[in-house]
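In what follows, a single structure is set out as C-alpha cells and then discussed.
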Amino acid sequence: MDVTNAMLADFAQVREGLLFVASGGVTRCYREMLPALLGVMLATVIELDSVETGRPHEVQVVVVDEDGKQLADISGEIQVGEPQLMIGENLNLPITFDLRNVLVERFGSVEVRFYVGGEHRRTLPMWVLQTTSQ
Numbered sequence: 181m182d183v184t185n186a187m188l189a190d191f192a193q194v195r196e197g198l199l200f201v202a203s204g205g206v207t208r209c210y211r212e213m214l215p216a217l218l219g220v221m222l223a224t225v226i227e228l229d230s231v232e233t234g235r236p237h238e239v240q241v242v243v244v245d246e247d248g249k250q251l252a253d254i255s256g257e258i259q260v261g262e263p264q265l266m267i268g269e270n271l272n273l274p275i276t277f278d279l280r281n282v283l284v285e286r287f288g289s290v291e292v293r294f295y296v297g298g299e300h301r302r303t304l305p306m307w308v309l310q311t312t313s314q
C-alpha cells in the first residue's frame with residue numbers, strides 16, 4: 181500500500197472512481213480575523229495491490245496547529261472488496277476529506293497529518309496568515 185498523491189485544495193471530489201481537484205496545492209490561507217474556517221479539502225490517492233483490496237484499512241486525518249493543539253480528527257475504515265484488476269494491476273483509490281469547516285483560532289502553521297492502518301503516511305503543512313490592509 182502506498183499513498184501516491186496527497187494535496188490540500190479549495191475543492192476535491194471523487195466521481196466514477198476519479199479524483200477531481202480544483203485549485204490544488206494550497207499552502208497558505210489568508211484570513212482577516214480569527215477564529216476562522218480553514219477552508220480546504222484534502223485530496224488523496226491510495227494505491228492498493230490485489231491482496232490489500234479485500235481487507236479493511238483504517239484511515240485517519242488529524243489537523244494540528246503549531247502548538248500541537250488538535251483542531252480536527254477524522255477517522256474511518258475503507259474496504260473496496262474484490263475489484264476486477266488485470267494481472268499485475270494495482271487499484272488507485274481516491275479519497276477526499278472535507279476540512280473546510282475546521283476552526284482555526286490563531287495565525288501560524290497548521291499541519292494536516294494523514295494515516296493509513298495506523299501508520300503516518302503524509303504531513304501537509306500550511307500557514308494561516310493575516311491579510312494586510314492596503
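Read in our numbering, the sequence shown has 291 at position 111, and its numbers run on one by one without any break. Yeah, the Cβ is synthetic: ideal placement off N, Cα and C, and Gly gets one too. As the structure is a prediction and not an experimental result, all values here were calculated from the model.
According to DSSP, residue i sits in a beta bridge with which residue or residues?
i	result
T258	According to the sequence as given, residue 258 is Ile; it is not Thr. Per DSSP, H237.
G288	V308
I226	V183, L273
T303	R293
L221	Before going further, note that residue 221 is Met rather than Leu in the sequence given. Paired residues: A189, D278.
Q250	V244
L198	R195
L283	L217
G204	A189
Taking 8 Å as the cut-off, decide whether the C-beta atoms of residue i and residue j are in contact.
i	j	result
R293	V220	no
L251	V260	no
T224	A189	no
L265	S230	yes
G298	E262	no
L198	A192	no
T312	R211	no
State the CB to CB distance for the pair residue i and residue j, rounded to an integer number of angstroms; the pair is presumed to be in contact (CB under 8 Å).
i	j	result
L218	V284	5 Å
L214	R286	6 Å
Given residue i, which residues of its chain have a CB within under 7 Å of its CB, disregarding the five upstream and five downstream residues?
i	result
I226	M181, V183, L273, I275, V296
E156	Nothing in the structure corresponds to residue 156, since the chain is present only between 181 and 314.
R208	M306, W307, L309
With a CB to CB cut of under 8 Å and the five nearest residues on each side skipped, what residues in its chain are close to residue i?
i	result
P236	E257, I258, Q259
A216	L283, V284, V308
V201	M187, A189, F191, A192, A223
So that I know if they touch, is there some Cβ in chain D lying closer than 8 Å to that of residue i?
i	result
R286	The question asks about chain D, but that chain is absent: this structure has only one protein chain.
Excluding sequence positions up to five away, which residues of its chain have a Cβ less than 6 Å from the Cβ of residue i?
i	result
E291	V244, T303, P305
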